[in-house]
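Chains as they are written, first to last, in the working numbering: chain U, 1 to 425; chain Y, 426 to 850; chain X, 851 to 1275. Even for Gly, the Cβ is constructed at its ideal location relative to N, Cα and C.
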């Protein structure tokens, strides 16, 4: 049953072909597609040159063509075939060069000779052509025509945000990024999952918390967003998740927050422990995505990253091999289930308190076997042990961690006990 | 040398044949025997119907006869042979039935086909016959006469308590239960040991703490007792021990308190560590006896359970195989020694403070070798290391845990240092 | 490159032949040699009989001769050949005795039959001759002349101290001892290393902290010193190191402070972890040198001991085999490097704080690659991770422990970031 997984995969497939960068029309096209699912999404443009903390929003980059042509007029590589062929933010070029000179502008990944690597040069004017090591080695002495039709202009950086209100002003925060060209897991997967989580949250009959989703270009986008919203977020965000590389079907991963001890860390670790056979918990030392900004000193938001195989830890990462075959409906389904469980755990993460002294008599409420015999205590382990720890000090995640029952099961137990007026909270 | 062990065993043997339940004459007979040893014991009756927290004291149950007779007038089972044959709190019955109907009222333990299991139905009217699986399988088609001559009446629940005063109002608390019919380790052993501990404590020339012993029916008895005494106990009890299954001669066990960090936990773990070759420390998750009530949220007494093999962890548990052969004088001797060591550790568990700055000169007091040579520091390791940690922050158990010396040896050291006016506290 | 190691070794060699004890001319000669290197050293005499906490400064001991002569006039042993032959603080003796009587005054180390053991009897009048077990076994029946020409007189105990002022009154403290006769590692090595550390510190262009070095007789000397200085030291000392057995070239060792959690513990463990392939961290339970006094309750100075192979843990310890062959320039060089690294770590152990919100843009400052591609984040791991934790809560040692970079490298990073005005502190 991968109903949602299939839908998420299909959305990722729509996003895949678009050539994105940290600014430009690709970002806007992407946001328009996402907005078809979550119409309340608000799209914001931040003009080039705007100061955002220690940074400045760069000029906007767009590209229409890019290729290398040999003297026979054959295109050795062409941006139209794969947008990874052109280094992100390449300045325009139109020049005839010999092979030796051409090679100075070619980038490959020698350790993976069949793939095109993904490169960018956002903050220094440069241009480059990316291809496989094999392709480069096959180039003959010749005169080559290097062409990049791109434009760097005063424009803007574009991001999307969505706030789904809840009973409380306290917020659960999700961030994902929309600045990578045609790579599937990193990063068509994050926005696609985020959209379906937002839909699911919108459909909840009640919401304790407010939910904030942001779809930003990595680094400069999260910095720009924070520069405008960090104060309100510091007041309100109680847990946050950066979604990245969530579409493959290998093990699960998370990157802890700066000190590894926030509610986000606790909630995600708890769910991984009970529901995922294989998972990795990386310390913040292994960070690399927008959790860097959210956890920066002074920002101090409780944000962890959630991945299947973590960015940087799979060979296809940042190459043309990170394509739609690398991700799958099953992979998305798993990510979707983990994150909905995390949200459910947070929504119900109250500190209940038992209302009677000593153990309540569960038997008279039909919650305990009437005949007492060896072994029967095991059957009511969950309910009696839950009752032992609802002393007002432990939230549901803490009890789950302690007693070895997933939060899902504790929610059922808590509901039964609420019905019987045995706990409050 | 199992002098006390033999005496405790003999007392357990006197208790063994009595048919006990959570109310009734068996409880009273048991308490009368205990009172022969500890005459100050006060016996209390709590009337049926009394509200005790979330519970109500049930009607009093007594039984005079119980059997199944076949058409030849042979008794298939008879309460007189083994009181486990009748489910506890069985209502009266006198009926002729065919085998098929009879079997609906027969309880066995199929996994242990030779033993009679122990069952009760305290809070729902029911009746039942318990026998071995083998015996059940040998029953032929026949007309059987089911007879139980029992009575459920407005009566009372009975418990015993004993308070041995000390210099301080602060209390050390012991609880054990007296509601099980003829099973030896669970639970003739607990009351028998408790009596001999009470005698030993009464004989101490000085007592820093007050000692409270309670002999209660499990669950309803401890709840009834707490409903009357929990406020004073919350103020005074600094450590408490539930005694159960203390007569076998296998490894030692304890069940931690709710958070595993009380003085009781520390004291018992310390003694187990230094004096018992094999022991198990179970978390509170593995609880199952009256520590459940004493540790309940809001009650919050610092109570752990002490056992040899823990209840529920040996195959004889709650069957007819838990008989006088399963327990032994050696088993009791070990338990007695552990618990007297625990009491001694608590009695002396002061925070001493050294009275001089830098190391005192032990040599001039005859506490240190006068010739200094390689290796001699080892001989005075205990005294010098004790001195290093009597900084007013550590109690004796903490120092023992840290420096690797049993509390017994630290008591000797502390006495020498007190005599030399080197420590206070 | 063992330039300093060779110099330290040579100084130890000068100290080696002198017959030292806890008082007397050997201590003074030793201090005079040290003063040739550190002329600001102040030498203090504490008169015999002075009360120092629980102790009293003993009479001063000096010795000119000591031997055993057989009836042929051959000296069996002679103090002139090895000053370990006479038990420290032996009273004078001049007596002719038979072998049986002689043996009562002979001390050997039977487990190491070829070495002369080191013994003392400071606080009880006694005399003794130390020799190898083999030598003792070769003694024939004969009349022997036992001679010790020693003197115990009202005199004084001598110690040296050196204070090197820094910007702050806060102090880093070093202690070593000068009371052992001809043994090389224990203890010509400690004073020799201390002198070269003091020289190095004096040569620093800036010093954040004040440095205090003391050269004292063990136990009575440190107690005497503390009795006069402990109050100011309690106010000022932030870290302290007892130097002992620092000349052999085996693994490194440290003895923790009383609770193992002071700045000294943290600094030394950090340096050992990053710079020493093999090292042992002993708990305070394994103490045995002057760290005992500095860590005593009420004194509470944050002092650890630093050794190569710890005192008591090598077979040559406290025997004639602890000679100049057991120590080496390489051994000293290693100790010198560890301790200078520790001092450097302490000097720079500030809590820096990043001055911008979110990650600073390192690229525009030349601190980050301009082309972004797979794997390049690793190259800037140190600088970005350092920035993530300079939140004002962590000192440099804490960051080093956390992120896996030695403090040396963090100092370089911090300097670059200070130059770029990105951190303060």
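When Cβ atoms are compared, which residues of the stretch 722 to 744 of chain Y fall closer than 7 Å to chain U?
So the close ones are 722, 723, 724, 742, 743.
Out of curiosity, what's the CA-to-CA distance linking residue 50 of chain U and residue 111 of chain U?
A straight-line Cα-Cα distance of about 39 Å links residue 50 of chain U and residue 111 of chain U.
Can you name the start and end residues of the alpha helix (DSSP H) that residue 301 of chain U belongs to?
Looking at the DSSP string, residue 301 of chain U is not in any alpha helix (DSSP H), and its letter there is neither H nor E.
Could you check which residue in X:1185, X:1080, X:1035 has the C-alpha nearest to that of residue 1149 of chain X?
When each option's Cα is compared against that of residue 1149 of chain X, the closest is X:1080.
Residue 985 of chain X (DSSP reduced to helix, strand or coil)
helix
Is the Cβ-Cβ distance between residue 403 of chain U and residue 710 of chain Y less than 8 Å?
yes
Report the rounded CA-to-CA distance for residue 623 of chain Y versus residue 172 of chain U, giving the unit in angstroms.
58 Å
Within the stretch 1147 to 1230 of chain X, note down every full alpha helix (DSSP H) run reaching 4 residues or more, in order along the chain.
As far as the stretch 1147 to 1230 of chain X is concerned, its whole alpha helix (DSSP H) runs of at least 4 residues are 1179 to 1197, 1226 to 1229.
Identify the contact partners of residue 718 of chain Y in chain U, using a Cβ-Cβ distance below 7 Å as the criterion.
Contact of residue 718 of chain Y with chain U by beta-carbon distance below 7 Å involves 358, 359.
Which of the residues in the stretch 160 to 180 of chain U, read from start to end, lie with their CB under 9 Å from any CB of chain X?
none
Just to make sure I have the definition right: I need the residues of chain U whose C-beta is within less than 9 Å of the C-beta of residue 545 of chain Y. Which are they?
371, 372, 373
Could you round the C-beta distance between residue 494 of chain U and residue 191 of chain U to whole angstroms and report it? I think they count as a contact, below 8 Å.
Outside the shown range of chain U (1 to 425) lies residue 494 of chain U, about which nothing can therefore be said.
Can you tell me whether residue 988 of chain X is buried or exposed? The criterion is at least 16 other CB atoms within 10 Å of its CB, across all chains shown.
exposed
Contact set between residue 850 of chain Y and chain X, taken where Cβ atoms lie within less than 8 Å:
The premise fails here: residue 850 of chain Y is roughly 12 Å from chain X at the closest Cβ pair, so nothing lies under 8 Å.
Ranges of the beta strand (DSSP E) found wholly within the stretch 110 to 165 of chain U, counting only runs of at least 3:
Segments of the beta strand (DSSP E) lying fully in the stretch 110 to 165 of chain U: 143 to 153, 156 to 164.
Which value, in whole angstroms, describes the spacing of the CA atoms of residue 699 of chain Y and residue 831 of chain Y?
6 Å
Could you please give me the residues that DSSP links to residue 230 of chain U through a beta bridge?
The partner list for residue 230 of chain U (beta bridge, DSSP) is empty, contrary to what the question assumes.
C-beta neighbour in chain X for residue 326 of chain U, strict 8 Å:
Cβ-Cβ to chain X under 8 Å: no for residue 326 of chain U.
Please list, in chain order, all residues of the same chain as residue 83 of chain U whose beta carbon is under 6 Å from its beta carbon, the five residues on each side excluded.
19, 181, 182
For chain X, check one thing: does any of its Cβ atoms lie closer than 8 Å to the Cβ of residue 788 of chain Y?
Chain X contact via Cβ: present.
Members of the stretch 460 to 479 of chain Y that neighbour chain U once the beta carbon cut-off is set at 7 Å
478, 479
List the endpoints of the continuous alpha helix (DSSP H) containing residue 880 of chain X.
875 to 887
Residue environment, residue 131 of chain U, which counts as buried when at least 16 other CB atoms sit within 10 Å:
buried
Give me, in chain order, the residues of the same chain whose beta-carbon lies closer than 6 Å to that of residue 1038 of chain X; leave out the 5 immediate sequence neighbours on both sides.
862, 865, 866
So with CB distances below 8 Å, who are the chain A contacts of residue 1227 of chain X?
The displayed structure is made up of protein chains U, Y and X, and chain A is not among them.
Spatial neighbours of residue 293 of chain U within its chain, please: CB distance less than 8 Å, with the 5 preceding and 5 following residues excluded, ordered by chain position.
219, 222, 223, 226, 299
Applying the 10 Å Cβ sphere with the 16-neighbour rule, what's the burial state of residue 1092 of chain X?
With 16 or more Cβ atoms within 10 Å of its Cβ, residue 1092 of chain X is classed as buried.
Range covered by the beta strand (DSSP E) that runs through residue 467 of chain Y
467 to 472
Rounded C-alpha distance that separates residue 923 of chain X from residue 790 of chain Y
Each residue's alpha carbon lies about 42 Å from the other.
Name the chain X residues that come within less than 7 Å of residue 828 of chain Y, Cβ to Cβ?
1135
Interface residues of chain U facing residue 1264 of chain X [CB-CB closer than 9 Å]:
Ordered by position in chain U, no residue passes the 9 Å Cβ test against residue 1264 of chain X, which lies about 15 Å from the chain.
Per-residue DSSP class, three states only, for residue 167 of chain U
coil
Could you list the residues in the stretch 1072 to 1090 of chain X with a C-beta less than 9 Å from some C-beta on chain Y, going in chain order?
Taking 9 Å as the Cβ-Cβ cut-off against chain Y, the residues of the stretch 1072 to 1090 of chain X that qualify are 1072, 1073, 1076, 1077, 1080.
I'd like to know if the stretch 575 to 583 of chain Y and the stretch 475 to 494 of chain Y are in contact, where contact means that at least 3 CB-CB pairs between them fall below 8 Å.
yes
Below 8 Å on the Cβ atoms is my contact criterion, and I expect residue 105 of chain U with residue 129 of chain U to pass it. Report the Cβ-Cβ distance as a whole number of Å.
6 Å
Exposed or buried, which one is residue 521 of chain Y when buried takes at least 16 other CB atoms within 10 Å?
exposed
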